[in-house]
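Chains as they are written, first to last, in our numbering: chain A, 1 to 478; chain B, 1001 to 1096.
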């Protein structure tokens, strides 16, 4: 049986991080009451004229520079005409002829090594409103209508759902690093249309493709791709033909479904937008933006390994989400304990993050409080278990550890006089364990250490206790 | 019929309902206009850049500063049908 090749291309729509819409001064704030951020421009009232948001153009160009695109120094806007109730002027302002960014790419790691997935172009446009479906009617909220939306069109360079995930993950990371989008999937900041086709190995020409529209979770995209590949292979292997069509992913049923398409629905009659003058980008200005670009995720990982001497694995985990890397670097500079801090972050802090479903910027833990905690352990003021007990309060309530230690009297007991008396008490009360140890059962020492810890109410320095017990046994000839 | 324009098709795309007589009338008129503009193609245009805009000016930008939006009551009162907070539509089936 012949093998089949899979070809996937993605069109990814990303909300920019501007305060206002693309062509009017309405706020882009998410989660406001329906239809409270609307005006004559975004409602398409007759006579209302769009005025371009300069910051949106800058952010789109910065995204392009981060992704290695060529910047079009002369760029224009076009009208895409269609009738649908999410866009009341009956056209979307977008870019067809002269988009802002051309080319570029995203590097992904695959089992065969790292590879560049090419970007065809990035254009700037406006988002549509949101339609809400009810039992007997539909409603429209135009708050989102006009939000600056950047569309990143990849070349059909991907050949599996895993590669598509790697592309989206790295693309999202770069855009967040660029500071041009939150890329918050729950808020619909990043949505993708997927083009997919299959063809027998050896056939040059791509197979007939299906497009799956408007998916906003990576999990959904992965599942939809898996399903669609399966569906197309089944048809092709039976000798059937794929229909070129648009499909919808139904997450509940776990299947893609054909969408009703009106004849001629894709004739958008593009023409130049007469209400907007072209954008010319001065070479010098673009070079200034390029010089001020933030670090790319890969560069940051490399620098963190060099600067803090942490393993590559740690740098990868920490730099995966920019806010985590930012947090780590501030805390690192405060406490100087790089690897210890990294361990704390990757285990205890990340565990709290995943349990609470919060991000590092949403929780109450600050770089200062974590650095302080690590320093308290390092200086021997508190022991590790005490620090672990304190962490949730730092995380949930924003408390500062040094103050907690002082107020609650949690400082570690490393006064050898006090420990000595605890130890003697334990040795008297546990003659059997002492005898066991002397008879060669070295594990009994651990039990005795535990008893001393208990007497000190957890505040003894376990290392010191271990040492003192060992010395006492040595003195007894053990 | 000239190949330059198909008024029946264009009017359907633009959601303009034309009678057969109107379609015939506009077909003739628009053919004349389109054919007239097509004369430009008879010229040597190799070194002429397409005109994207009638204005010679470029870069007309707005600062990214929030300005007041309209009052929701006034906006929704303008709609043919409304609920407390949304524009109301007949139930729609998702199109591609």
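Backbone N, C-alpha and C fix where the C-beta goes; we use that ideal spot for every residue, glycine too. Note that the structure is a prediction, hence the values are computed from the model and not measured.
Residue i: contacting residues in chain B (beta-carbon distance under 9 Å)
| i | result |
| --- | --- |
| residue 102 (chain A) | Simply none; closest approach about 16 Å. |
| residue 145 (chain A) | None at all; the shortest Cβ gap to chain B is about 11 Å. |
| residue 43 (chain A) | 1070, 1075 and 1078 |
| residue 85 (chain A) | 1087, 1089 and 1092 |
| residue 375 (chain A) | Those within 9 Å of residue 375 (chain A) in chain B number zero; the least Cβ separation is about 41 Å. |
DSSP state of residue i mapped onto helix, strand, coil
| i | result |
| --- | --- |
| residue 194 (chain A) | strand |
| residue 269 (chain A) | coil |
| residue 1069 (chain B) | coil |
| residue 283 (chain A) | helix |
| residue 240 (chain A) | coil |
| residue 258 (chain A) | strand |
| residue 274 (chain A) | coil |
| residue 138 (chain A) | strand |
| residue 323 (chain A) | helix |
| residue 401 (chain A) | helix |
| residue 1082 (chain B) | strand |
| residue 218 (chain A) | helix |
| residue 1015 (chain B) | coil |
| residue 158 (chain A) | strand |
| residue 199 (chain A) | strand |
| residue 1093 (chain B) | coil |
| residue 189 (chain A) | coil |
| residue 1062 (chain B) | strand |
| residue 184 (chain A) | coil |
| residue 53 (chain A) | strand |
| residue 288 (chain A) | helix |
| residue 204 (chain A) | coil |
| residue 1056 (chain B) | coil |
Contacts of residue i in chain A (Cβ-Cβ under 8 Å)
| i | result |
| --- | --- |
| residue 1060 (chain B) | 51, 52, 276 and 277 |
| residue 1055 (chain B) | 277 |
| residue 1090 (chain B) | 137 and 138 |
| residue 1013 (chain B) | 81, 264, 267 and 269 |
| residue 1064 (chain B) | 18, 19, 20, 53, 54, 55 and 56 |
Listed by chain order, chain B residues near residue i by CB distance under 7 Å
| i | result |
| --- | --- |
| residue 243 (chain A) | None at all; the shortest Cβ gap to chain B is about 12 Å. |
| residue 35 (chain A) | 1072, 1075, 1076, 1085 and 1086 |
Boundaries of the beta strand (DSSP E) in which residue i is found, first to last residue
| i | result |
| --- | --- |
| residue 475 (chain A) | Looking at the DSSP string, residue 475 (chain A) is not in any beta strand (DSSP E); the run it does join, the alpha helix (DSSP H), is 462-475. |
| residue 1087 (chain B) | 1087-1090 |
| residue 1021 (chain B) | It is not in any beta strand (DSSP E) - residue 1021 (chain B) instead sits in the alpha helix (DSSP H) that spans 1020-1038. |
| residue 149 (chain A) | 148-154 |
| residue 210 (chain A) | 210-215 |
| residue 4 (chain A) | 4-15 |
| residue 133 (chain A) | 130-133 |
| residue 245 (chain A) | 245-250 |
Opening and closing residue of the alpha helix (DSSP H) in which residue i lies
| i | result |
| --- | --- |
| residue 388 (chain A) | 384-397 |
| residue 169 (chain A) | 161-178 |
| residue 1005 (chain B) | Unbroken run through residue 1005 (chain B): none, as it is neither H nor E. |
| residue 300 (chain A) | 297-308 |
| residue 316 (chain A) | 312-319 |
Own chain partners of residue i with C-beta closer than 6 Å, once the 5 adjacent residues on each side are dropped
| i | result |
| --- | --- |
| residue 12 (chain A) | 152 and 192 |
| residue 436 (chain A) | 444 |
| residue 1026 (chain B) | 1007 |
| residue 1088 (chain B) | 1081 and 1082 |
Nonlocal neighbours in the same chain, by C-beta distance under 7 Å from residue i, ignoring five residues either side
| i | result |
| --- | --- |
| residue 123 (chain A) | 94, 95, 99, 100 and 151 |
| residue 1056 (chain B) | none |
| residue 381 (chain A) | 405, 411 and 412 |
| residue 32 (chain A) | 143 |
Chain A contact residues for residue i, given Cβ-Cβ distances below 7 Å
| i | result |
| --- | --- |
| residue 1087 (chain B) | 139 and 140 |
| residue 1102 (chain B) | The displayed coordinates of chain B run from 1001 to 1096. Any statement about residue 1102 (chain B) would go beyond what the structure contains. |
| residue 1006 (chain B) | Ordered by position in chain A, no residue passes the 7 Å Cβ test against residue 1006 (chain B), which lies about 11 Å from the chain. |
Cβ-heavy atom distance, residue i to the ligand MN, below 8 Å
| i | result |
| --- | --- |
| residue 1058 (chain B) | Questions concerning the ligand MN fall outside what the structure shown contains, since it holds no ligand whatsoever. |
Neighbourhood of residue i by C-beta, 8 Å cutoff - its chain only, sequence neighbours within 5 removed
| i | result |
| --- | --- |
| residue 117 (chain A) | 105, 106, 107, 108, 154, 155, 157, 158, 163 and 167 |
| residue 293 (chain A) | 62, 65, 66 and 178 |
| residue 1038 (chain B) | 1004 |
| residue 416 (chain A) | 464 and 468 |
Contacts of residue i in chain B (Cβ-Cβ under 8 Å)
| i | result |
| --- | --- |
| residue 351 (chain A) | Ordered by position in chain B, no residue passes the 8 Å Cβ test against residue 351 (chain A), which lies about 39 Å from the chain. |
Residues that residue i contacts on chain A, provided the C-beta gap is smaller than 9 Å
| i | result |
| --- | --- |
| residue 1034 (chain B) | Within 9 Å Cβ-Cβ: nothing; residue 1034 (chain B) doesn't reach chain A, min ~14 Å. |
*What are the uninterrupted segments assigned as beta strand (DSSP E) that are 3 or more residues long and contained completely in the segment 58-126 of chain A, given in chain order?*
78-81, 91-94, 105-110 and 113-126
*Kindly provide the ranges of any alpha helix (DSSP H) runs that are 4 or more residues long and lie completely inside the segment 332-390 of chain A, ordered along the chain.*
338-344, 350-356 and 367-378
*Unbroken alpha helix (DSSP H) runs of length 4 or more, entirely within the segment 404-458 of chain A: which are they?*
416-429, 431-438 and 444-455
*For the segment 17-46 of chain A, which segments carrying the beta strand (DSSP E) assignment without a break, of at least 3 residues, lie completely within its bounds, in sequence order?*
none
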